[in-house]
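So the number in this note's numbering is just where the residue sits in the sequence shown, counting from 1, plus 10.
Every residue, glycine too, gets a C-beta built ideally from N, C-alpha and C.
Quick caveat: nothing in here was measured; it's all calculated off a predicted structure.
What follows is a single structure, written as structure tokens, with notes after it.
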Amino acid sequence: VEYAETGVDFISMGALTYGAKIIDLSLKAL
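Written as structure tokens, this is what we have:
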């Protein structure tokens with residue numbers, strides 16, 4: 011269970027970081 015929760019947190023952090031990069035690039039494009 012702990013491993014599963016850690017995996018979810020890891021994926022969530024990765025998604026947030028990926029989303030932040032997309033937003034950053036979008037702002038730079040503007």
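Among the residues of its own chain, which have a CB less than 7 Å from the CB of residue i, if the five just before and after it don't count?
{"i": "residue 23", "result": "none"}
Would you tell me roughly how many angstroms separate the C-alpha atoms of residue i and residue j, rounded to the nearest one?
{"i": "residue 40", "j": "residue 25", "result": "23 Å"}
{"i": "residue 16", "j": "residue 37", "result": "31 Å"}
{"i": "residue 20", "j": "residue 35", "result": "23 Å"}
Quick one: does residue i have its CB under 9 Å from some CB of chain D?
{"i": "residue 19", "result": "In the displayed structure, chain D is absent; only one protein chain is listed."}
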